[in-house]
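Mapping to UniProt numbering: the sequence shown position 233 is 233, numbers consecutive. For glycine and all other residues, C-beta sits at the position ideal for the given N, C-alpha and C. Since this is a predicted model, take the numbers as computed values, not measurements. Take a look at the structure set out below.
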Amino acid sequence: MPDSEPIFLLLPSILSFILFFILIKRKQRRYNLPPGNMGWPFLGETIGYLRPYSATSVGEFMHQHISRQAFKFHPFFFFLSLLEKQNLSLSFELNSTFFRYGNIYKSNLFGEKTIVSADAGLNKFILQNEGRLFECSYPRSIGGILGKWSMLVLVGDMHRDMRIISLNFLSNARLRTHLLREVEKHTLLVLNTWKEKCIFSAQDEAKKFTFNLMAKNIMSMDPGHPETEQLKKEYVTFMKGVVSAPLNLPGTAYRKALQSRSTILKFIERKMEVRIRKMKEGKENLEEDDLLEWVLKHSNLSTEQILDLILSLLFAGHETSSVAITLAIYFLPGCPLAIQQLREEHLEIARAKNQSGETELNWDDYKKMEFTQCVINETLRLGNVVRFLHRKALKDVRYKGYDIPCGWKVLPVIAAVHLDPCLFDRPQLFNPWRWQQNNGSRGAGTTTSSASSSNYFMPFGGGPRLCSGTELAKLELAVFIHHLVLNYQWELADTDEAFAFPFVDFPKGLPIRVFKS
1 MPDSEPIFLL LPSILSFILF FILIKRKQRR YNLPPGNMGW PFLGETIGYL RPYSATSVGE
61 FMHQHISRQA FKFHPFFFFL SLLEKQNLSL SFELNSTFFR YGNIYKSNLF GEKTIVSADA
121 GLNKFILQNE GRLFECSYPR SIGGILGKWS MLVLVGDMHR DMRIISLNFL SNARLRTHLL
181 REVEKHTLLV LNTWKEKCIF SAQDEAKKFT FNLMAKNIMS MDPGHPETEQ LKKEYVTFMK
241 GVVSAPLNLP GTAYRKALQS RSTILKFIER KMEVRIRKMK EGKENLEEDD LLEWVLKHSN
301 LSTEQILDLI LSLLFAGHET SSVAITLAIY FLPGCPLAIQ QLREEHLEIA RAKNQSGETE
361 LNWDDYKKME FTQCVINETL RLGNVVRFLH RKALKDVRYK GYDIPCGWKV LPVIAAVHLD
421 PCLFDRPQLF NPWRWQQNNG SRGAGTTTSS ASSSNYFMPF GGGPRLCSGT ELAKLELAVF
481 IHHLVLNYQW ELADTDEAFA FPFVDFPKGL PIRVFKS
């Protein structure tokens, strides 16, 4: 009997453990998760998800996952459906070859359990419930390179405060006056260097335009100045690391980017110190009407917060707008009718300005660029500069019968909605007329973007995290297109296309040959 006493003493603990295990399993089973495949241990399906593909498509990985229709009559379909309902795992090859899951599916991406959404309604629901049901949740490597105070990774009150600062600086009044003038000035600085029949990279020229514009308006740095060119050089190295694998090893692009980040922040900090000294001495320069000056005067941010804010706005303002401009230059030669209608619209504006004796564009001119806005919308829809967003569920959420467990990563895939044939007729076709309310007859077909489709058009995100630079980006595109179509004709000088890496990029830089109009 004494030998059996330890067993009796341990029995309550063993029973408690078994009961706890059963309760945990029940809790796990209560979720009605979307179908999907968790892939390999740790890696999950990340490698397949990030494999480069044409930016005007959703990519082979997404295509294989989000469509069921082509496989419903496969001899294995019924068998696989039964296995899926029983939560039994199949081999990776069998799942990805023979089974597709629909617009909402589960996966393991970026080292986390993930719900991927190509569903227009769910994407909008996620963005509209930012801070309540979902919050921004980017991979740690992004925060490591952009900074913990970057607007991209911040959540809650701190993100709100940073966003208010950027919105104040990019206010409608400032757009109408100062920024419109700056955008036109920097557009002409780039376009006036183009020589007849010369071949050059359209992507590099677009990047030059947006970088110079942002450097001037963030820190009053003049284009072509040695310090501006040095900052640009460091920024290029920095950007290569942002889009690379996050391997912090000697010689890797990520390690070099971290070093460039440090150099850029030291540069910005020196600028800050000079400004603060001038402000204390009462020697402020009225020409330095920039973001740095505004933040120093009107915010209580720490030095570290200001540095990360400026770096993140330089990144956001330069990268996305330059890609959008390059995409417009790429799409338009394939649609001669669109170029013709653009020229007519901008010639009319130019003639009116000549008659009034004015030279610079004003806000009324910008508002007359109606078809240009259609071209901008179509460029953003088809090119999808921002392809997906990173979010995390703050609590258990149920949508269309599926459960999204608290703590799971959620990826709303914006590109999949913009290329959904149920929302946009012939989505692979570049058709600016789909955005005209009266659906003008000169377009490539009779398609139009319905009101419901427009509700799901989210090239700048949505909800409380809607991009604060949305209106500036549209202004940049419109002014650049205005002077481009008035002064030049162009053709693609080599075969090239936009790829998603997942950041959109042209492998050859989009070489073009230009001719003066």
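Asked	Found
DSSP state of proline 412 mapped onto helix, strand, coil	strand
Sub-8 Å separation of threonine 320 and alanine 202 beta-carbons	no
Option in Ser141, Ala415, Arg351 with minimal Cα separation from phenylalanine 460	Ala415
Beta-bridge partners of asparagine 108, as assigned by DSSP	Lys113
Counterpart residues of residue 543 in DSSP-defined beta bridges	Not covered by the structure: residue 543. The range shown for the chain is 1 to 517.
C-alpha gap between glycine 251 and isoleucine 47, whole angstroms	22 Å
Reference aspartate 396; option with closest CA among Arg132, Lys124, Arg277	Arg132
Helix, strand or coil at aspartate 425 [DSSP, three-state]	coil
Residue span of the alpha helix (DSSP H) that contains aspartate 364, given as start and end	363 to 367
Three-way DSSP call (helix, strand, coil) for lysine 392 in this model	strand
Through-space distance from valine 485 to threonine 495, alpha-carbon basis	22 Å
Sufficient close CB pairs (3 or more, under 8 Å) joining the segment 172 to 180 to the segment 299 to 309	no
Candidates Phe424, Lys474, Ile481, Pro464, of which the one nearest serine 453 by Cα	Phe424
Ordered list of alpha helix (DSSP H) runs contained in the segment 164 to 246, each at least 4 residues	180 to 191, 202 to 219, 226 to 242
Residue(s) in a DSSP beta bridge with glycine 36	Lys106
Bridge partner(s) assigned by DSSP for glutamate 135	Lys392
Distance between tyrosine 31 and leucine 88 (C-alpha atoms, nearest Å)	Low confidence applies here, because leucine 88 scores a pLDDT of 46, under 50, leaving its location unreliable and the question unanswered by this model.
Reference lysine 207; option with closest CA among Tyr49, Glu476, Lys516	Glu476
Sequence-distant residues of its chain with Cβ nearer than 7 Å to glutamate 205 (five each side left out)	Val190
Three-pair Cβ contact test at 8 Å for the segment 130 to 149 versus the segment 425 to 436	no
Residue environment, arginine 181, which counts as buried when at least 16 other CB atoms sit within 10 Å	exposed
Phenylalanine 371 versus histidine 482 - alpha carbon distance	11 Å
Isoleucine 339 and leucine 332 closer than 8 Å at C-beta	yes
Span of the beta strand (DSSP E), counted from its first residue to its last, around valine 397	397 to 399
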